[in-house]
Every structure is written in C-alpha cells, then in structure tokens.
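Beneath this line is the structure, given in structure tokens, with notes to follow.
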Amino acid sequence: MRLFTATLATETNSFAPIPTARASFEEAFYAPPGTHPAAPNLCSAPLVVARRRAQAEGWTLIEGSCAWAEPAGTCTRQAYEGLRDEILGQLEAALPLDGVLLGLHGAMVAEGYEDCEGDLIARVRALVGPKAIIGVEHDPHCHLTQKRLEHCNLLITFKEFPHTDSVERAEEVVELTLRAIKGEIDPVMSCVDCRTIASFPTTREPMRSFVDRVKALEGRGGVLSISIVHGFPYADVPDVGARILVVADGAKAEGDALAMALARELNELRGRTAPDYLDPDAAIDAALALPLGKPVVITDPSDNPGGGAAGDSTQVLSRLLARGIEHVAFAPLWDPVAVRLCFLAGEGARLPLRLGGKTAPSSGVPLDVEAEVVRLVADATQSFAGGTMALGDAALIRVGGMEIVLISKRTQSLGRDLFTGFGVELEAKRIVALKSTNHFHAAFAPIAQAVLYTDGGGPIPRDVTKVPYTRVQRPIWPLDAVAEPIVVL
Ligand SMILES: [Zn+2]
2 MRLFTATLAT ETNSFAPIPT ARASFEEAFY APPGTHPAAP NLCSAPLVVA RRRAQAEGWT
62 LIEGSCAWAE PAGTCTRQAY EGLRDEILGQ LEAALPLDGV LLGLHGAMVA EGYEDCEGDL
122 IARVRALVGP KAIIGVEHDP HCHLTQKRLE HCNLLITFKE FPHTDSVERA EEVVELTLRA
182 IKGEIDPVMS CVDCRTIASF PTTREPMRSF VDRVKALEGR GGVLSISIVH GFPYADVPDV
242 GARILVVADG AKAEGDALAM ALARELNELR GRTAPDYLDP DAAIDAALAL PLGKPVVITD
302 PSDNPGGGAA GDSTQVLSRL LARGIEHVAF APLWDPVAVR LCFLAGEGAR LPLRLGGKTA
362 PSSGVPLDVE AEVVRLVADA TQSFAGGTMA LGDAALIRVG GMEIVLISKR TQSLGRDLFT
422 GFGVELEAKR IVALKSTNHF HAAFAPIAQA VLYTDGGGPI PRDVTKVPYT RVQRPIWPLD
482 AVAEPIVVL
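Quick note on numbering: the sequence shown equals residues 2 to 490 in the working numbering.
In structure tokens:
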C-alpha cells in the first residue's frame with residue numbers, strides 16, 4: 002500500500018494589504034521532502050500521523066512538501082502555482098498510489114484563483130485516477146466549495162476553536178482513508194451551506210454544547226464524521242460562510258438528512274455564538290471595575306495577525322497609554338523597526354520610539370513614546386498546541402506603567418510565554434491586553450478573572466456587515482435577514 006502526503010496552507014484575508022509570497026511560506030513553515038520535523042505544524046498533522054502509522058503497519062508513505070504561511074493578503078500567483086506544482090510533481094513521481102492525504106487550511110486565495118484548494122484537489126485527482134482515496138484535513142475557517150468535495154473522498158475539519166484538536170482530527174482522516182483503501186468503508190459526503198457568516202468560538206456556549214452533541218452523533222448509525230465548517234469571513238470569494246459536512250458509510254440519504262438538520266440547528270444559534278465586542282474604552286472601564294487580584298484579559302480580534310491583519314494597530318494601546326493605567330502587559334505589537342532600534346540601544350537603555358500604525362489606515366496612528374528597553378530576545382518563540390511559533394527578534398519595553406512586547410515576525414497572542422519568556426509576571430498585572438480572536442483562550446483564560454473582547458477598529462471588523470464584499474453569494478445572514486440553508490452536495 003502506497004500513500005502520498007503534503008500540506009499547503011494559509012488563510013487569505015483578501016482585504017488585507019500584506020502580500021503572501023513564496024518567502025512568506027519559507028519564513029513561516031516550509032519543509033520539503035525528508036525535512037518535516039517530528040512535531041506537526043497546525044495543518045501538517047496528517048503527515049506526522051501517517052508517518053507513525055506507516056512505520057507501525059509496514060506500508061509506504063511518500064512525504065511531499067509542507068508549507069504554511071502566516072495569514073495575510075492574497076497570495077501571489079507565482080507563490081501558489083510554484084508550491085502547487087512542486088507538490089504535484091512529487092506526487093506524479095510517486096505514482097501509482099492507493100491514497101493521498103492532504104493537510105490544507107482551506108481558505109487560500111491567490112491571484113487568479115478564488116479556490117486554491119479546489120484547484121489543487123482536482124489536479125491531484127486527475128493524476129491519481131478515480132480509484133485512489135483522497136483524504137483531506139481542513140481548518141474550520143475555510144471556504145468549503147463543491148469542487149473540493151467532488152474531487153476528494155472524505156474531508157474533515159478541526160472541531161475546536163481554539164484549534165487544539167488538529168492531531169486528533171488528522172488521526173481520523175488517516176484512519177478513514179486507510180479503511181476506505183482496504184474496502185472496509187464506503188465514505189460518502191453530504192454538505193449543506195447554512196448561508197450564515199459568523200464567528201463560532203467553541204470555548205463558550207452555545208457552541209460548546211453543539212460541538213459536544215455533534216461528537217456524540219459520530220460513530221453511530223453509519224455516521225463516520227461530522228464537520229462544523231465555520232467559514233472565514235474576511236475573503237471576497239463566493240463560498241464564504243458556514244457549512245455542515247457529514248461523511249457517512251454508504252448512507253447518502255441519511256447523511257443528507259443529518260446535514261440539513263444540523264445546519265438548521267446551527268442557524269438557530271445565529272447572533273448568539275460570538276461574544277460581545279466592546280469599544281476599547283468600554284473594555285478598559287469594565288476591566289477597571291473588577292476587583293484587584295487576578296488579571297483581566299482584553300483581546301482585540303480586529304487586529305489579529307491570525308486572520309491576516311498586520312498586528313501593528315495602535316487603537317487599544319493608545320487608549321491604555323493615554324489613560325495612564327498601571328500594571329498593564331500588552332503583546333504583541335508587530336514593529337520590526339522599533340525592535341531593531343531597541344537591539345541597537347541595548348537592554349537598560351532609554352530611547353524615544355515611534356510604535357506601530359504603519360501598514361494601513363486601519364493600523365491607527367503611530368505612537369511616540371519614551372521607552373525603557375527591559376529585555377531583548379533574539380529569535381524568540383511562543384508556544385501553542387504543543388508546538389512553537391516564531392516571534393523573530395523581540396523586545397520587551399516599559400512605557401509608564403505598561404510593559405509591551407514588540408515582535409518582528411507577525412503572529413497573534415497564543416501562549417503565556419509571549420510574556421513570561423521576557424520575564425513579565427502576568428499574575429501581578431491588572432490588565433493583560435492581547436491581539437487574538439480565540440486562540441489565546443486556552444493559555445490565558447486559566448489565569449484571568451475575566452476575558453473581555455474589544456473591537457479596536459483594526460482591519461478585521463467584528464461586524465461582518467462592514468466587510469466590503471463584492472463576490473459573496475446572496476442571500477446570506479447577517480447581510481440579509483432571511484437566508485435559508487441550501488444543499489451543496
Ligand atoms: Zn482557524
């Protein structure tokens with residue numbers, strides 16, 4: 002038995018100004034054949050799981066390239082076509098194959114390609130032929146197009162947001178693909194488009210109970226897998242939005258009925274799945290109204306680099322500084338120039354710094370401060386879901402009563418070592434201010450007395466009716482008051 006695996010992943014915010022180029026992948030995560038580390042990147046878990054299974058069970062795994070770029074703007078044509086053709090060339094050289102395992106984020110948009118994953122999966126199918134089994138893992142923040150589903154045999158998305166279950170879901174993709182190759186199961190997919198754009202954190206109700214209910218339906222009555230596709234709202238493509246995808250064992254009619262029932266159930270939760278987003282001053286007021294003791298976390302998803310934002314917006318930082326609040330920790334702020342100046346000045350130095358506000362009008366205005374350089378770390382990292390994420394060279398500065406972590410590689414707030422790696426004692430802080438939508442939650446909620454969400458006016462508006470869509474299919478909630486689910490497959 003011979004299987005091939007590869008990963009091509011990024012989440013394209015087509016409204017964001019930062020281009021995604023070949024270098025964006027090489028700087029973030031790029032592992033050509035034979036170089037993939039033992040620990041997976043968020044989207045390369047199928048390779049790591051399949052490697053372990055192949056070694057234990059004595060079948061052949063051919064490892065192709067794995068590439069992941071920090072979310073940003075539209076991919077260049079050269080970047081997408083280059084990485085795609087690299088993977089297809091490796092796959093062609095590996096033929097004949099019984100199966101293919103693809104780790105794809107699912108929201109990649111490139112110049113000339115609204116559906117990169119659909120294009121890639123269709124080309125893989127053309128090479129391997131109709132009998133090979135193609136199993137795909139997606140991030141739930143994807144655009145699940147009909148084209149992808151028509152050319153693969155089974156597709157599974159992570160269930161948790163924050164995405165703490167990418168390896169668990171990869172184990173399912175690998176297991177079901179192997180069983181299908183052996184003829185033990187006959188996976189058939191049913192997909193319903195909810196016609197809904199929303200955010201669905203699974204750390205809070207009502208999504209927590211919905212995910213748990215869906216999990217309890219799996220493995221019974223021929224249901225092999227159910228994916229709740231959140232969709233990624235910040236791309237101007239026709240297939241934006243939430244879907245339900247059921248993989249059943251030969252039972253298409255039962256899968257269709259279940260997918261439609263769950264889509265209607267998800268739509269019942271419209272308007273209740275995301276937290277309230279306060280304006281920055283209201284969030285600060287709410288934090289200060291809480292008793293001293295444990296820190297209050299304030300996160301600003303509107304400038305989350307994990308959603309393609311620059312991570313250099315100053316709207317929340319400027320309010321915290323202007324109000325002179327003591328015992329505040331803030332991270333990260335993406336500002337490679339300020340980091341460089343701090344490295345030139347050295348630890349202990351005091352210097353004038355101009356912070357952030359660089360990339361676009363939504364980044365706000367730069368802030369001029371007098372800073373003390375507290376700690377410098379070359380090639381700093383933070384931890385997330387068992388792996389590490391690069392921060393690049395990074396500096397901890399003190400401005401008044403605030404400690405601020407400046408980074409030179411764009412990333413969101415993920416692990417507490419984003420602060421503690423620089424000697425910041427989080428327990429002693431009144432406010433811990435972050436840039437993240439929900440991936441921060443697993444690390445930071447346990448130390449916080451409260452988690453507050455703000456919309457700092459960055460480039461990822463929490464109110465999606467403010468997103469300037471031109472390509473999205475209508476009607477879709479909340480752009481349209483009435484939008485009923487429709488069958489995709
Ligand atoms: Zn995601």
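The beta carbon of each residue, even a glycine, is placed where N, CA and C say it ideally should be.
In the three-state reduction of the DSSP assignment, residue 287 falls in the helix class. Between residue 295 and residue 487, the gap from beta carbon to beta carbon reaches 8 Å or more.
Each of 140, 142 has a C-beta closer than 5 Å to some heavy atom of ligand 1; these make up the full list, in chain order.
Annotated three-state conformation of residue 26 is helix, per DSSP.
The Cβ atoms of residue 136 and residue 100 sit closer than 8 Å to each other. Of the other Cβ atoms in all chains shown, fewer than 16 fall within 10 Å of the Cβ of residue 61; this residue is therefore exposed. The DSSP-derived three-state label of residue 56 is helix.
Non-local beta-carbon contacts of residue 202 in its own chain, meaning distances under 6 Å to residues more than five positions away in sequence, involve 162, 439 in chain order. Residue pairing of residue 191 in beta bridges, as defined by DSSP: 247. Only buried fits residue 316, as 16 or more other CB atoms lie within 10 angstroms of its CB. Taking a cut-off of 8 Å on C-beta distances, the stretch 419–434 does not touch the stretch 261–270, as fewer than three cross pairs fall below it. Partner residues in the beta bridge of residue 331, as assigned by DSSP, are 405, 434. The closest CA to that of residue 53, considering only 157, 277, 176, is found on 176. In the DSSP annotation of this structure, the continuous segment of the beta strand (DSSP E) that includes residue 369 starts and ends at 368–385. Between the alpha carbons of residue 70 and residue 41 lies a distance of about 14 Å. Of all C-beta pairs linking the stretch 366–377 to the stretch 392–403, three or more are shorter than 8 Å, placing the two stretches in contact.
Counting C-beta atoms within 10 angstroms of its own C-beta, residue 131 has fewer than 16 neighbours from the protein chains shown and is therefore classed as exposed. At the C-beta level, residue 72 and residue 309 come within 8 Å of one another.
Residue 200 sits in coil when the DSSP states are folded into three classes, being neither helix nor strand. The C-alpha of residue 378 is placed about 44 Å away from the C-alpha of residue 472.
DSSP links residue 226 through a beta bridge to 248.
The continuous stretches of alpha helix (DSSP H) do not include residue 66, which lies in the beta strand (DSSP E) extending over residues 61–69.
Contact between residue 48 and residue 67 holds: CB atoms are separated by about 6 Å, below the 8 Å threshold. Assignment of residue 282 by DSSP, reduced to helix, strand and coil, places it in the helix class. Taking a C-beta distance under 8 Å as the contact criterion, residue 182 and residue 153 do not qualify as a contact pair.
For residue 143, the three-state secondary structure derived from DSSP is coil. The beta carbons of residue 250 and residue 187 sit closer together than 8 Å. For residue 100, the beta-bridge partners assigned by DSSP are 4, 134. One Cα belongs to residue 462, the other to residue 20, and the distance between them is close to 20 Å. For residue 261, the enclosing alpha helix (DSSP H) covers residues 253–268. Beta-bridge pairing by DSSP links residue 157 to 138. If only complete runs of 4 or more residues are kept, the stretch 429–487 shows the alpha helix (DSSP H) at 442–445, in order along the chain. Membership of residue 119 in the alpha helix (DSSP H) is indicated by the continuous run 117–129.
In the DSSP assignment, residue 341 falls within the alpha helix (DSSP H) that extends over 337–346.
Note on residue 97: under 16 other CB atoms within 10 angstroms of its CB, so exposed under the neighbour-count rule.
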